[in-house]
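Its first residue numbered 5, the first sequence is counted upward by one per residue in the working numbering.
Idealized CB from N, CA, C, for every residue including glycine.
Computed from a prediction, not measured in an experiment: that's the story for all the values here.
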Amino acid sequence: MMRTHLCGELRQLDIGSTASVTGWVNKRREHGEHLAFVDVRDYSGVIQCVVDNTVDVRSEYVVKITGTVTQRPEGTTNDALDTGQVEITDAEVEILSSAEPPPFPLDERANDVDEQVRLKYRYLDLRREQMQKNLRTRAKVNSAVRTSMESQGFIEVETPMLMPTTPEGAREFIVPSRRRPGSFFALPQSPQLFKQLLMVGGFDRYYQIARCLRDEDLRVDRQYEFMQLDLEMSFAEVDDVLGAVTESILSVTEAVTGTRPAEIPQITWHDAMNRFGTDKPDVRFEMELVELTDIFADTGFKAFGAAEAIKGLRAEGAAGDWGRNKLDGLTDFAKSHGAKGLVWIKVSDELTLESPVAKFFSDDEKAALIDRFEAKAGDLLLIVADDWLTTCEVLGEVRNKLGRPAVSNDRLEYLWVVDFPLFVGKDKSTGLPRPGHHPFCHPHPADVDKLETDPTSVRAWAYDLVLNGWELGSGSIRIHDPAMQRKVFSVLGIDDEEAQKRFGFFLTPFNYGAPPHGGFAYGIDRLVAILAGEENIREVIAFPKPQSGSDPMTGSPTEIDEAQLVELGLKVLPPLD
RNA sequence: GGUCCCGUAGUGCAGUCUGGAGUGCACGCCGCCCUGUCAAGGCGGAGGUCGCGAGUUCAAAUCUCGUCGGGACCGCCA
């Protein structure tokens, strides 16, 4: 037997017993010819061992230490350690592996180390308490997801990683076929198509903790490959899906935090945009957009006169923090997000409005502004005038910039955003509407008659789950009726022939009796990151890739042998300029 | 494809604006001392392609240009 105890579990109850522990040397403290303290660490914690100083063990040596669990002498206990009341004495040390000094400190200070270095030696980084904690939180989430889904009658089904390319949506990773040179598989952006076919196949309720791959640029919250809880259910309406996902996410949260959050509130997409300027509102702080359009209905101020929508934000007491330079910067920020400009107003002690454009406002308009904003002395007011969507979106960005709290697990504010529009914007080249979610998303039945006449006003049976301003996931009720699918395709400018060519394998099954169904998927990495209080999903992934997409530990992606290329029928072209 | 920021010892940094010998600091590492420490302490030591390449200059970590690597964001992510 290698060990009798884990390092972190020894307590006063164990005093007197002989214990063997194994692990890494966390720290050695020398005190003379025949006394040294060696802290041994495993995943459970640290235990102090008293050894003869002639024993040559150094940081990160792997050791087995056998000795007597002993009460520490009075005055030498350590409350910072769970095991701080005891120590292992009369210790016999067996070196299982020696070790070179680690290239960076394996304690909290590693948080300041260049991430490239941490990733190059990820196997050392993973020894750190924080990474151990994060990945164990992740395991807990995965386990709780399975428990919750199983208890709700969902069954786990794996879907292929090798599938045909589907040109819609995210750029795909492509895998060459050896047996058919010149032909390629694609790795799934999501199991979307397969899970719907499982519904046609009669499985009723499916789930999978699925790996998804997208060849798009990486971000703090985006990796090439990421994990989703993917689910789909037959004979389900919007509320059924929301209910199942809510049950899942709340019980997962409870499993990690010990507390079950309150039921998740819902907001419509339109209200979310109108009040928070984004489809993923962070409702941990207020600062809602204020409607001003009516105030300036007959204004003489040209910049406002022609605008479809005028809205503002009140930054309470912020006037003093914003000098001219910072306000210019904020204006540039607003412009970079599509605004034509940003009007700022400081509210003075006498409730007069100080602003470069104040002279263009009538007294009535000024009074109405103060009234509408409920403005107080020292407030900073920010106003954008543009088309409705731009106005909302710009102020949404400004709102986040001004008030959004840091990533934190102190407060978890889940939010359902429902009634997304079926189409968002227009394709630049064709002028046709573009699907907001995906082209298999069911239109809201009340709006179906507007599909051809006013497509952009059609709502979808589509919904997002938001946590603290992060989009955790999205889903929809799908189209199960081929006639409805044709109708939506036709709005998108896809005729039968084109549809057959692009989605044939997926559409044919719907001619054989498809149940009404809908589903959802939420990102495990993002959920774990927030629950762990990390603002970067790389901190909750064992072996992530940096933003460059190249792995400093393995060196991937790598070139391949000429022979491999030949076998696959591939030829590498020089890079494009 | 674009914008901004970073690159000096194993790690984290100062030095760069205003050019003058790698003068450095902390941790780590190596050696010695040390019997109750726990970020132990004391003494000593080793450790540098200042990312790389050009240019300007009597002289470049420092200024200029280019390039590589990394990060945050925009585009992109149905």
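Does the separation of the CB atoms of glutamate 267 and phenylalanine 280 fall below 8 Å? Position 263 of the first sequence, counted from the first residue, corresponds to residue 267. Position 276 of the first sequence, counted from the first residue, corresponds to residue 280. The answer is no: Cβ separation not under 8 Å.
What residue does the alpha helix (DSSP H) around leucine 399 start on, and which one ends it? By one-based count along the first sequence, residue 399 stands at place 395. For leucine 399, the uninterrupted alpha helix (DSSP H) run begins and ends at 392-407, by DSSP.
Taking the beta strand (DSSP E) that methionine 277 belongs to, which residues open and close that run? By 1-based counting over the first sequence, the position of residue 277 is 273. Element bounds for methionine 277: not the beta strand (DSSP E) but the alpha helix (DSSP H), 273-280.
Can you find the residues in the same chain that come closer than 8 Å, C-beta to C-beta, to serine 586, ignoring five residues on each side of it along the sequence? Past the edges of the chain, shown from 5 to 581, lies residue 586, and the structure says nothing about it.
Pull up the CB-CB distance for isoleucine 387 and valine 347, whole angstroms please, since I reckon it's below 8 Å. The count along the first sequence starts at 1 and reaches residue 387 at position 383. The count along the first sequence starts at 1 and reaches residue 347 at position 343. Contact flag correct, Cβ pair sits at about 4 Å.
Tell me the rounded alpha-carbon separation between glycine 173 and tyrosine 47. Residue numbering aside, residue 173 sits at position 169 when the first sequence is read from its first letter. Residue numbering aside, residue 47 sits at position 43 when the first sequence is read from its first letter. Their backbone Cα atoms lie some 41 Å apart in a straight line.
State the Cα-Cα distance for the pair cysteine 216 and isoleucine 69, rounded to the nearest angstrom. Position 212 of the first sequence, counting from 1, holds the residue named residue 216. Position 65 of the first sequence, counting from 1, holds the residue named residue 69. Roughly 44 Å separates the two Cα atoms.
DSSP three-state label for phenylalanine 41, please. Your numbering for residue 41 matches position 37 in the first sequence. The answer is strand: DSSP assigns phenylalanine 41 an E or B state.
Would you call the region 454-472 in contact with the region 423-434, where contact means no fewer than 3 C-beta pairs closer than 8 Å? With the cut-off at 8 Å, the region 454-472 and the region 423-434 touch.
DSSP puts tryptophan 420 in a beta bridge; with which residues? Residue numbering aside, residue 420 sits at position 416 when the first sequence is read from its first letter. According to DSSP, which records beta bridges pairwise, tryptophan 420 is partnered with Gln270 and Leu469.
Please report the distance separating the alpha-carbon of histidine 35 from that of asparagine 57. Position 31 of the first sequence, counted from the start, is the residue given in the question as residue 35. Position 53 of the first sequence, counted from the start, is the residue given in the question as residue 57. Spanning the two alpha carbons is a distance of roughly 8 Å.
Counting along the chain, where does the beta strand (DSSP E) carrying glycine 316 start and finish? If you number the first sequence from 1, residue 316 lands on position 312. Where glycine 316 is concerned, the enclosing beta strand (DSSP E) starts and stops at 313-319.
Coarse secondary structure for threonine 512, derived from DSSP in three states: Counted from its first residue, the first sequence places residue 512 at position 508. Three-state DSSP puts threonine 512 in a helix.
Across the region 97-109 and the region 62-80, are there enough close Cβ pairs to call them in contact, namely three or more that are closer than 8 Å? yes
Do glycine 468 and aspartate 275 have their C-beta atoms within less than 8 Å of each other? Indexing the first sequence from 1 puts residue 468 at position 464. Indexing the first sequence from 1 puts residue 275 at position 271. It is worth fixing the name first, because residue 468 is aspartate in this sequence and not glycine. Result no, Cβ atoms of aspartate 468 and aspartate 275 do not sit closer than 8 Å.
Please report how far the alpha carbon of threonine 250 lies from the alpha carbon of leucine 85, in whole angstroms. What you label residue 250 is simply residue 246 of the first sequence in a count that begins at 1. What you label residue 85 is simply residue 81 of the first sequence in a count that begins at 1. The straight-line gap from Cα to Cα measures roughly 38 Å.
Where lysine 568 sits in the DSSP three-state scheme: The residue you call residue 568 lines up with position 564 of the first sequence. The question names lysine, yet the displayed sequence has glutamine at residue 568. In this structure, glutamine 568 counts as helix in the three-state DSSP scheme.
DSSP state of arginine 126, grouped into three classes? For the purposes of this step, residue 126 is taken as residue 122 along the first sequence, with counting starting at 1. In the structure shown, arginine 126 sits in a helix (DSSP, three-state: H, G or I).
Just verifying my parser: in three-state terms, what is the DSSP assignment at proline 525? For the purposes of this step, residue 525 is taken as residue 521 along the first sequence, with counting starting at 1. Residue identity check: residue 525 is alanine in the sequence provided, not proline. It is a strand residue.
Looking at the unbroken beta strand (DSSP E) that takes in methionine 203, where does it start and where does it end? What you label residue 203 is simply residue 199 of the first sequence in a count that begins at 1. Not the beta strand (DSSP E): methionine 203 falls in the alpha helix (DSSP H), residues 196-204.
Thinking just about the alpha-carbon of each residue, which of Leu139, Ser152 and Pro185 is nearest to the one in glycine 537? Position 533 of the first sequence holds residue 537. With distances taken between Cα atoms, glycine 537 lies closest to Leu139.
Helix, strand or coil for aspartate 94? Go by DSSP, reduced to three states. Residue 94 sits at position 90 when you count from the first residue of the first sequence. Here aspartate 94 carries a strand assignment [DSSP, helix/strand/coil].
Touching or not, the region 545-559 and the region 221-228, by the rule of three or more beta carbon pairs under 8 Å? yes
Please tell me whether glycine 321 and threonine 335 are closer than 8 Å, where the distance is taken between their beta carbons. Translated into positions along the first sequence, residue 321 becomes position 317. Translated into positions along the first sequence, residue 335 becomes position 331. Not a contact, by the Cβ cut-off of 8 Å.
Are proline 269 and tryptophan 420 closer than 8 Å when you measure CB to CB? On the first sequence, residue 269 is found 265 positions in, with the first residue counted as 1. On the first sequence, residue 420 is found 416 positions in, with the first residue counted as 1. In this structure, proline 269 places its C-beta atom within 8 Å of the C-beta atom of tryptophan 420.
Report all residues from its chain with a CB closer than 6 Å to the CB of phenylalanine 510; omit the five preceding and five following residues, and keep chain order. Position 506 of the first sequence, counted from the first residue, corresponds to residue 510. Once the five neighbours on either side are set aside, the close Cβ partners of phenylalanine 510 are Leu197.
Considering only DSSP beta bridges, list what glycine 88 is partnered with. Start at 1 with the first residue of the first sequence, and residue 88 comes out as number 84. DSSP output for glycine 88 lists no bridge partner at all.
Distance between beta carbons of arginine 131 and leucine 110, contact taken as under 8 Å: Taking the first residue of the first sequence as position 1, residue 110 is located at position 106. Taking the first residue of the first sequence as position 1, residue 131 is located at position 127. Confirmed, about 6 Å.
Assuming glutamate 176 contacts leucine 166 under a Cβ cut-off of 8 Å, what Cβ separation, rounded to an integer in Å, is found between them? Within the first sequence, the letter at position 172 stands for residue 176. Within the first sequence, the letter at position 162 stands for residue 166. The pair is not a contact, with the Cβ atoms about 11 Å apart (cut-off 8 Å).
When the Cα atoms are used, what is the spatial distance from valine 59 to histidine 38? Counting from 1 along the first sequence, the entry for residue 59 is found at position 55. Counting from 1 along the first sequence, the entry for residue 38 is found at position 34. If you draw a straight line from the Cα of valine 59 to the Cα of histidine 38, it is about 9 Å long.
Which of helix, strand or coil does DSSP assign to alanine 190? Residue 190 sits at position 186 when you count from the first residue of the first sequence. The answer is strand: DSSP assigns alanine 190 an E or B state.
For the region 374-383 against the region 311-326, are there 3 or more C-beta pairs whose distance is under 8 Å? yes
For arginine 1, which three-state DSSP category applies? Outside the shown range of the chain (5 to 581) lies residue 1, about which nothing can therefore be said.
The region 240-255 / the region 347-367 touching (three or more Cβ pairs under 8 Å): no
Indicate whether methionine 153 and serine 238 have their beta-carbon atoms separated by less than 8 Å. Here residue 153 is taken as the residue at index 149 of the first sequence, counted from 1. Here residue 238 is taken as the residue at index 234 of the first sequence, counted from 1. No, Cβ-Cβ distance for methionine 153 and serine 238 is not below 8 Å.
Residue range of the unbroken beta strand (DSSP E) whose run includes arginine 142: Your numbering for residue 142 matches position 138 in the first sequence. First-last for arginine 142: 133-155, but that is the alpha helix (DSSP H), not the beta strand (DSSP E).
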